[in-house]
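Student: Each residue of the sequence shown is one higher than the one before, counting from 106 in my numbering.
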Amino acid sequence: MIDEATGKASKSASAFADKVGTKAARKLKARRNAAPGVWFGLGMMGLVGWSVAVPTLLGAAIGLWVDQHHPGQHSWTLALLMAGLAIGCLNAWHWVDKEDKAMREEPEDDDE
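1) Under 6 Å Cβ to Cβ from L190, same chain only, skipping five residues before and after it: list those, please.
2) Between the stretch 149-167 and the stretch 192-200, can you find at least three pairs of beta-carbon atoms closer than 8 Å?
3) So, does the CB of V153 fall closer than 8 Å to a CB anywhere in chain D?
4) Please check the pair L185 and A207, which I expect to be a contact at CB under 8 Å, by giving their CB distance rounded to whole angstroms.
5) Excluding the 5 residues flanking A197 on each side, which residues of the same chain have their C-beta closer than 7 Å to its C-beta?
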């Protein structure tokens, strides 16, 4: 025959064990899926910056070359600089969108 006090102690011990197990599982999951650090954020800022700067400068350089070799009424430098800037901004938007989708698609387990 099970004593009422022993049954309550067993239930509280089981609840405690469940709580400890849940916290341990959450801690292990956090270690496996560590949040990106400061260097990752700085690297992403650099990636976005370079993805805008390189096409912009490339467009300006090509525009200068075209203006020097084929002068005309309109500035190819300005036109190609703007085209490079637009391409760079689209490129940066692509990278940021890709990272945002990757963060949102991470599987989330409800431990609580």
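Each residue gets a CB set at the ideal place from its N, CA and C atoms; glycine is no exception. Please read all numbers here as calculations on a predicted model, not as lab measurements.
Tutor: If we stick to the structure as given:
1) T161
2) Flag = yes, the stretch 192-200 and the stretch 149-167 touch.
3) The structure shown has no chain D; it contains just one protein chain.
4) The Cβ separation is near 33 Å, so there is no contact.
5) V153, S156 and V157
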